[in-house]
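Protein chains in written order, with my numbering: chain F, 1 to 345; chain Y, 1 to 337.
All C-beta atoms, glycine included, are put in the ideal place defined by N, C-alpha and C.
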Amino acid sequence: MVGAGAMAREHARGLAEVPQATLAAVCDRSRVRAEAFADEFAVPAWHTDVAEMLDAVRPDVVHVVTPAPTHRAIAAMALEAGAHVLVEKPICPDLDQLRALRALADRTGKALLEDHNYLFNAQTRRLVALRDSGALGEVRRVEVVFAVDLLGAGSPFVDRGAPHPALALPGGIASEFVTHMAYLALAFLGPHDAVQAAWDRAPGGQPGAVLSALVQGRHGHAVLGFDAACAPPQFTVRVLGTRMRAELDLLEPYVATAVAAEPGARYPLVAMRNALGQSTQHAAAAVRGLWGRLGGRRGPYHGLTELMRESYAALDAGRDPPLTARWIDDVNRLVADLLATWPSS
Amino acid sequence: MRALVTGASGFLGRHVVAALRARGHAVRAMVRPGTSVEGLGWDEGVEVLRVDLRVEPALAACFDDVDVLVHLAAQVLGSDDAQFVSTAVATERLLEAMASTGTRKVVLAGSFAVYDWVRADGVLDEDTPLESSAVYERGGYAVAKLWQERVAERLARANDWALVVLRPGFIWGEGHTFIPGMGWRLGPVQVVLGLDRVLPLTHVENCADAFVLAAERDVGNAVLNVVDTQLPTAWDFTGEWLRRGGIRRARVTLPFAVMHALARVAEWVSRRLFGPRGKLPTMLMPRRLAMFKPLWFSNTRLRRALGWEPRLGLEAALDRSFAGAARPSTDDGRRGG
Ligand SMILES: NC(=O)c1ccc[n+]([C@@H]2O[C@H](COP(=O)([O-])OP(=O)(O)OC[C@H]3O[C@@H](n4cnc5c(N)ncnc54)[C@H](OP(=O)(O)O)[C@@H]3O)[C@@H](O)[C@H]2O)c1
């Protein structure tokens with residue numbers, strides 16, 4: 001594990017549930033952070049230098065969970081050292097660097113994975129299954145909304161003492177989240193053709209606090225909405241098909257569906273059935289959510305555990321992991337096209 | 001003497017700076033870039049240094065001509081990770097920088113949060129065992145303060161510095177009269193845990209005196225708890241807090257034993273239903289609840305080692321702390337202790 005911050009702890013918690021994985025070492029520039037992490041998760045070794053750790057531990061897999069600007073260099077070192085790598089999003093700041101990293105992975109024959117955790121959440125899986133079963137009809141439109149208050153007191157995006165590195169990057173605050181929105185859209189839309197987008201600052205001036213984007217696919221559109229100053233938090237994916245509309249919230253465990261009327265059915269009855277059905281789905285999810293929390297289930301990050309479970313199982317068996325190179329490249333192509341609309345670039 | 005004081009504009013820090021100045025010491029006051037120092041009444045004997053300990057690349061320069069570091073900076077609110085970085089990692093960066101300078105003494109603000117309250121028995125004092133691997137159940141503040149002490153000890157030992165760790169109980173004073181150890185608010189009711197349980201309080205001016213004495217005196221390496229001599233019960237203090245603060249809320253007591261039994265039942269139910277993964281609401285977690293268990297607190301070692309006596313007794317401290325107009329709404333926050 002390279003990095004020992006909040007997200008690395010999510011990785012460690014998930015890894016504990018992956019039968020093929022043993023967390024062998026943790027590395028952080030700060031010794032006390034590495035040491036405390038090792039203590040909390042009973043990791044046998046900690047280091048403060050990546051090269052030294054790779055040399056001493058010879059890991060099979062390296063998780064890169066450091067600030068975004070450092071991802072590429074650390075991933076390259078890990079690949080060179082003969083490890084598969086799972087990198088937190090965004091994997092690279094641009095496509096050229098991703099291509100170079102991809103070439104390196106191909107040369108060493110190792111997997112280069114980006115964390116697309118929400119793809120593996122139970123709700124997302126249910127929506128994908130609905131699509132695959134044909135119940136949605138043809139997907140015409142996908143709406144992904146990530147609207148969360150990221151600017152409150154104590155937020156790293158308003159911290160004047162140590163400004164968040166994203167604030168200096170194209171995309172600003174949104175650069176930390178567009179990858180999630182991109183893969184969620186592409187999961188239902190397929191590879192994109194074109195992108196239009198508008199950006200705005202937060203009321204307090206932080207760059208990239210608002211993004212509204214239109215993504216054109218071969219058979220439909222996706223609309224992406226990001227806002228860093230909204231409450232209550234919402235992280236929804238809505239898929240509008242020709243036969244059904246389905247919505248999920250990654251922060252709440254629900255999938256709510258509404259179906260189109262069969263030919264000859266009476267509209268008011270269908271509308272009522274949809275309304276009652278959705279209320280029931282929401283209420284059941286609220287109860288499930290509370291129950292899950294009391295039962296120690298890992299909330300919105302449970303997809304990360306699934307991602308790791310499946311990836312490790314595949315790597316261990318010599319199969320291709322579930323996130324293919326093609327998929328990761330498609331997602332990053334969309335991310336790059338979105339960031340290319342950033343006004344100052 | 002010249003002291004480098006970190007967290008100088010904080011609640012404790014401003015009183016430590018004032019007390020150091022009152023004794024004629026020169027102060028280099030570290031405050032963060034965005035923090036205002038207006039209204040703190042600092043004279044020309046206070047040199048203001050604008051530094052954020054997480055990112056400042058040139059920390060060694062802060063120690064020029066400094067005889068003693070009085071390290072109070074810590075983040076007491078925010079995410080677990082944010083607290084760890086501004087508390088433990090910041091301390092590591094600061095002390096690693098100090099290693100290349102001529103400064104050889106550190107006075108560190110520790111905390112009662114580092115003690116293992118579950119194992120504390122009868123009296124909580126410097127011999128009470130510290131938290132170990134169970135600290136991660138306690139939340140970010142306890143973790144950060146424990147590792148902050150560990151870092152300071154490691155670097156002090158490696159560099160042969162004198163390290164005095166002062167561990168205050170709950171620090172209170174004007175603008176900071178809400179003590180998390182009192183209990184909880186439940187709508188219109190203020191629930192006080194335990195009728196005759198005493199609160200390990202130290203008034204901020206008394207506490208600041210201890211830091212000045214620790215900076216002045218040559219006591220080698222030491223760990224000393226800081227609590228006042230006259231300690232109120234949680235019940236009485238809550239009463240004063242409500243009355244003097246002009247807060248209209250009923251005061252209700254819940255015996256600690258009842259709460260403890262409740263927590264045990266909740267734990268048993270959770271285990272039965274969910275196994276070891278089960279989670280309890282914070283106030284029912286045995287390790288967090290232990291902070292409310294009835295104990296005595298002693299300041300004998302502090303008084304012996306530093307010759308410290310609290311300058312304000314309880315009554316005077318109450319008068320002083322509630323002297324201003326009652327502004328309960330700004331002083332009902334949750335803080336670490
Ligand atoms: N209050 C209590 O009851 C209590 C009890 C026991 C121990 N303590 C300890 O006493 C010390 C002071 O506490 P307090 O109550 O006075 O808290 P406080 O008012 O929050 O003061 C903390 C100070 O630390 C500074 N700081 C935080 N992060 C920093 C960073 N990254 N770089 C530089 N400075 C940073 C803050 O600077 P800014 O003002 O610029 O933000 C602030 O002045 C802490 O170590 C605390 O753990 C407090």
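Asked, Found
"What does residue 46 of chain F pair with, by DSSP beta-bridge criteria?", "F:26"
"In the structure shown, what three-state DSSP assignment does residue 105 of chain Y receive?", "strand"
"Report, in whole angstroms, the separation of the C-beta atoms of residue 7 of chain F and residue 26 of chain F, which I expect to be a contact under 8 Å.", "Actually they do not touch by this definition, with Cβ atoms about 13 Å apart."
"Quick one: using the 10 Å Cβ neighbour count with 16 as the cut-off for buried, is residue 334 of chain F buried or exposed?", "buried"
"What span of residues does the beta strand (DSSP E) with residue 308 of chain Y cover, start to end?", "Unbroken run through residue 308 of chain Y: none, as it is neither H nor E."
"With DSSP as the reference, label residue 279 of chain F as helix, strand or coil.", "helix"
"Ends of the beta strand (DSSP E) at residue 147 of chain F?", "139-149"
"Examine chain F for any beta-carbon lying closer than 8 Å to the beta-carbon of residue 84 of chain Y, and answer yes or no.", "yes"
"To the nearest angstrom, how far is it from the Cα of residue 286 of chain F to the Cα of residue 252 of chain F?", "7 Å"
"Would you kindly check if the distance between the Cβ of residue 199 of chain Y and the Cβ of residue 179 of chain Y is under 8 Å?", "yes"
"Taking the C-alpha atoms as reference points, what is the distance between residue 336 of chain Y and residue 190 of chain Y?", "With a pLDDT of 42 at residue 336 of chain Y, under the threshold of 50, the modelled position of this residue cannot be trusted; read the value that follows with caution. Taking the straight line from one Cα to the other gives about 19 Å."
"Excluding the 5 residues preceding and the 5 following residue 171 of chain F in the sequence, name in chain order all residues of the same chain whose CB lies nearer than 7 Å to its CB.", "178, 208, 339, 342"
"Taking the runs of the beta strand (DSSP E) that are 3 residues or longer, which of them lie wholly in the region 67-119 of chain Y?", "68-71, 105-109"
"Please determine whether the Cβ atom of residue 30 of chain Y lies at a distance below 7 Å from any heavy atom of ligand 1.", "yes"
"Classify residue 257 of chain F: buried if its beta carbon has 16 or more other beta carbons within 10 angstroms, exposed otherwise.", "buried"
"In the DSSP assignment, what residue or residues form a beta bridge with residue 226 of chain F?", "F:146, F:211"
"Can you tell me the Cα-Cα spacing of residue 355 of chain F and residue 125 of chain F, whole angstroms?", "Given that chain F is displayed from residue 1 to residue 345, the structure contains no residue 355 of chain F and the question cannot be resolved."
"Is residue 63 of chain Y a contact residue of ligand 1, with contact defined as CB to any heavy atom under 7 Å?", "no"
"Under 8 Å by Cβ, that's how I've got residue 306 of chain F and residue 120 of chain F pegged, so tell me the actual separation to the nearest angstrom.", "4 Å"
"What would DSSP say about residue 242 of chain F, mapped onto helix, strand or coil?", "coil"
"Would you check if there are 3 or more beta carbon pairs closer than 8 Å linking the region 212-223 of chain Y to the region 30-41 of chain Y?", "no"
"What does the alpha-carbon distance come out to for the pair residue 117 of chain Y and residue 108 of chain Y?", "21 Å"
"Along the chain, where does the beta strand (DSSP E) that runs through residue 251 of chain Y open and close?", "250-254"
"Give a yes or no on whether the minimum CB-CB distance between residue 268 of chain Y and chain F is below 8 Å.", "no"
"What is the rounded straight-line gap between the Cα of residue 214 of chain F and the Cα of residue 71 of chain F?", "28 Å"
"Whole angstroms is fine: what's the gap from residue 337 of chain F's alpha carbon to residue 247 of chain F's?", "26 Å"
"If you measure from the CB of residue 60 of chain Y, is any heavy atom of ligand 1 nearer than 7 Å?", "no"
"What residues in its chain sit with their C-beta under 6 Å from that of residue 333 of chain Y, if we drop five residues either side in the sequence?", "Here the model assigns residue 333 of chain Y a pLDDT of 44, short of 50, so the residue's position is not dependable, and the following value carries that caveat. Counting only Cβ-Cβ distances below 6 Å, and skipping sequence neighbours, we find nothing."
"Compile a chain-ordered list of the residues in the region 280-294 of chain F whose CB is closer than 8 Å to at least one CB of chain Y.", "293, 294"
"Kindly indicate which three-state DSSP category residue 78 of chain F falls into: helix, strand or coil?", "helix"
"Comparing the C-beta of residue 141 of chain Y with each C-beta of chain F, is any distance below 8 Å?", "no"
"Taking only beta carbons into account, state which residues of the region 26-43 of chain F come closer than 7 Å to chain Y, listed in chain order.", "30, 31, 32, 33, 36, 39, 40"
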